[in-house]
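Notes to accompany the following structure.
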Amino acid sequence: KEKHKILHQLLQNSTS
Amino acid sequence: SPTVSMAELDHQAQIISKSHLETCQYLREELQQMSWQNFLQDEVESYQSKPREVMWQLCAVKITEAIQYVVEFAKRIDGFMDLCQNDQIVLLKAGSLEVVFVRMCRMFDSQNNTVYFDGKFAGPDVFKALGCDDLITSVFDFAKSMCSLHLSEDELALFSAFVLLSADRSWLQEKLQVEKLQQKTQLALQHVLQKNQREDGLLNKLRCKVSALRSLCSRHTEKLSAFRAVYPDIVGTHFPPLYKELFG
Chain W
1 KEKHKILHQL LQNSTS
Chain V
1001 SPTVSMAELD HQAQIISKSH LETCQYLREE LQQMSWQNFL QDEVESYQSK
1051 PREVMWQLCA VKITEAIQYV VEFAKRIDGF MDLCQNDQIV LLKAGSLEVV
1101 FVRMCRMFDS QNNTVYFDGK FAGPDVFKAL GCDDLITSVF DFAKSMCSLH
1151 LSEDELALFS AFVLLSADRS WLQEKLQVEK LQQKTQLALQ HVLQKNQRED
1201 GLLNKLRCKV SALRSLCSRH TEKLSAFRAV YPDIVGTHFP PLYKELFG
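Protein sequence lines correspond, in order, to chains W and V.
For the first sequence, the residue numbers in our numbering are 1 to 16.
For the second sequence, the residue numbers in our numbering are 1001 to 1248.
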């Protein structure tokens, strides 16, 4: 999970 | 398919087309308006004379920007966010650059062999400083052959989703779920191709593009490794973190 921190973050951000 | 109704396929096609249009970075009309703006010779030379690492960094930034739009596209595909997080990551890691290459045909001018890059339309010579002429030629050839299929936005949207939802990627945990989603997307693509009265062989032509995309991406990885071997610090400190996560 730590390895893909930014991707995780982008996936978790709500779609605008 | 007996398990998916026409109404469901229509719905899937509509959602994916909408997602594509909301996240496509540039509208076709915008690109058409800019299509006369080609780089002048002195501008081309200024890109060519940039240090290799500076040009690599610029391209990494542009690719990363395009990938962020692909992540948004994925999130809006019906069913994608229902997959487990591992599989969302696996699909994006393997497929986001492939979708960028698919989307590139919208920004490509076949007549001039140029692509929209950094504010204007650029030919392959603009990318000379990267030191990857063979890869650049292949990317341009791919864009040209995609353009020759004259896909509509809804066809392009469904093909992009089909590429992204590839169920044969390594390390998927719930392969069956991805398979179902990809199958449904393929049926929706087939349905739209029929509705748009496209030629019978088009789906097969698109399937052939899948292997071309894989080859382009693996060559990008090879070129990046070769670059990193010479400039490890540049990649480590100056490349976008998302790019490093995806390709590092």
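Every residue, glycine too, gets a C-beta built ideally from N, C-alpha and C.
Buried/exposed call for residue i, threshold 16 Cβ in 10 Å
{"i": "W1056(V)", "result": "buried"}
{"i": "I4(W)", "result": "Just to set this straight, residue 4(W) is His in the shown sequence, not Ile. Buried is the call here."}
{"i": "A1129(V)", "result": "buried"}
{"i": "E1045(V)", "result": "exposed"}
{"i": "S1225(V)", "result": "exposed"}
{"i": "Q1012(V)", "result": "buried"}
Reference residue i; option with closest CA among the options
{"i": "N13(W)", "options": "D1233(V), Q1068(V), C1217(V)", "result": "Q1068(V)"}
{"i": "N1196(V)", "options": "D1010(V), V1004(V), G1236(V), S1005(V)", "result": "D1010(V)"}
{"i": "Q9(W)", "options": "A1007(V), A1066(V), I1089(V)", "result": "I1089(V)"}
{"i": "L11(W)", "options": "T1003(V), V1054(V), Q1085(V)", "result": "Q1085(V)"}
{"i": "V1054(V)", "options": "R1028(V), H1238(V), K1244(V), A1226(V)", "result": "H1238(V)"}
{"i": "D1087(V)", "options": "K1062(V), Q1194(V), Q1173(V)", "result": "Q1173(V)"}
{"i": "L1031(V)", "options": "F1117(V), L1246(V), E1065(V)", "result": "F1117(V)"}
{"i": "H1220(V)", "options": "L1027(V), S1138(V), Q1041(V)", "result": "S1138(V)"}
{"i": "L1216(V)", "options": "M1107(V), M1104(V), E1245(V), F1142(V)", "result": "F1142(V)"}
{"i": "L1165(V)", "options": "V1071(V), G1248(V), G1201(V)", "result": "V1071(V)"}
Neighbourhood of residue i by C-beta distance below 7 angstroms, restricted to the same chain and skipping five residues each side
{"i": "A1205(V)", "result": "Just to set this straight, residue 1205(V) is Lys in the shown sequence, not Ala. Same-chain partners within the cutoff: L1149."}
{"i": "Q1190(V)", "result": "L1203"}
{"i": "V1163(V)", "result": "G1095, E1098, V1099, V1102, V1210, L1213"}
{"i": "A1161(V)", "result": "I1016, I1077, T1185"}
Close Cβ partners of residue i (< 6 angstroms) along its chain, the five nearest in sequence each way excluded
{"i": "S1170(V)", "result": "none"}
Residues of its chain near residue i, where Cβ-Cβ distance is below 8 angstroms and the 5 sequence neighbours each way are ignored
{"i": "T1121(V)", "result": "The question names Thr, yet the displayed sequence has Phe at residue 1121(V). Cβ within range, chain order: M1034, S1035, Q1037, N1038, F1039, D1109, N1112, T1114, V1115."}
{"i": "D1125(V)", "result": "V1044, Q1048"}
{"i": "P1240(V)", "result": "A1060, V1061, T1064"}
{"i": "E2(W)", "result": "none"}
Take every Cβ of the stretch 1064-1082 of chain V, pair it with every Cβ of the stretch 1148-1156 of chain V, and state whether three or more of those distances are shorter than 8 angstroms.
Fewer than three beta-carbon pairs drawn from the stretch 1064-1082 of chain V and the stretch 1148-1156 of chain V are found closer than 8 angstroms, and the two stretches are therefore not classed as touching.
Taking 8 angstroms as the threshold, find out whether the stretch 1195-1211 of chain V comes into contact with the stretch 1175-1185 of chain V through three or more Cβ pairs.
The answer is no - the stretch 1175-1185 of chain V does not touch the stretch 1195-1211 of chain V, with fewer than three Cβ pairs under 8 angstroms.
Can you give me, in chain order, the residues of the stretch 1231-1242 of chain V that have a beta carbon less than 8 angstroms from any beta carbon in chain W?
Contact residues of the stretch 1231-1242 of chain V toward chain W are P1241, L1242 (C-beta to C-beta distance below 8 angstroms).
contact_flag[the stretch 1173-1182 of chain V, the stretch 1130-1138 of chain V] where n(CB pairs < 8 angstroms) is 3 or more:
Counting Cβ pairs under 8 angstroms, fewer than three are found: no touch.
Any residues in the stretch 1018-1048 of chain V with a beta carbon nearer than 8 angstroms to a beta carbon of chain W? Which ones, in chain order?
Residues: none.
Do three or more CB pairs link the stretch 1094-1102 of chain V to the stretch 1017-1035 of chain V at distances below 8 angstroms?
Flag = no, the stretch 1094-1102 of chain V and the stretch 1017-1035 of chain V do not touch.
Tell me which residues of the stretch 1087-1099 of chain V have at least one Cβ-Cβ distance to chain W shorter than 7 angstroms, keeping chain order.
Of all residues in the stretch 1087-1099 of chain V, Q1088, I1089, L1092 have a Cβ within less than 7 angstroms of some Cβ in chain W.
When you check each C-beta in the stretch 1056-1071 of chain V against every C-beta of chain W, which residues fall closer than 9 angstroms?
Residues passing the 9 angstroms Cβ filter: Q1068, V1071.
How about the stretch 1021-1034 of chain V and the stretch 1077-1086 of chain V: do they share at least three Cβ pairs that are nearer than 8 angstroms?
At 8 angstroms Cβ cutoff, the stretches do not touch.
If contact means a Cβ-Cβ distance below 7 angstroms, which residues of the stretch 1173-1200 of chain V contact chain W?
If the cut-off is 7 angstroms between Cβ atoms, the stretch 1173-1200 of chain V has nothing near chain W.
Check each residue of the stretch 1144-1155 of chain V: if its Cβ is closer than 7 angstroms to any Cβ of chain W, include it; give the result in chain order.
Legend: CB atoms of the stretch 1144-1155 of chain V lying less than 7 angstroms from CB atoms of chain W are not found in any residue.
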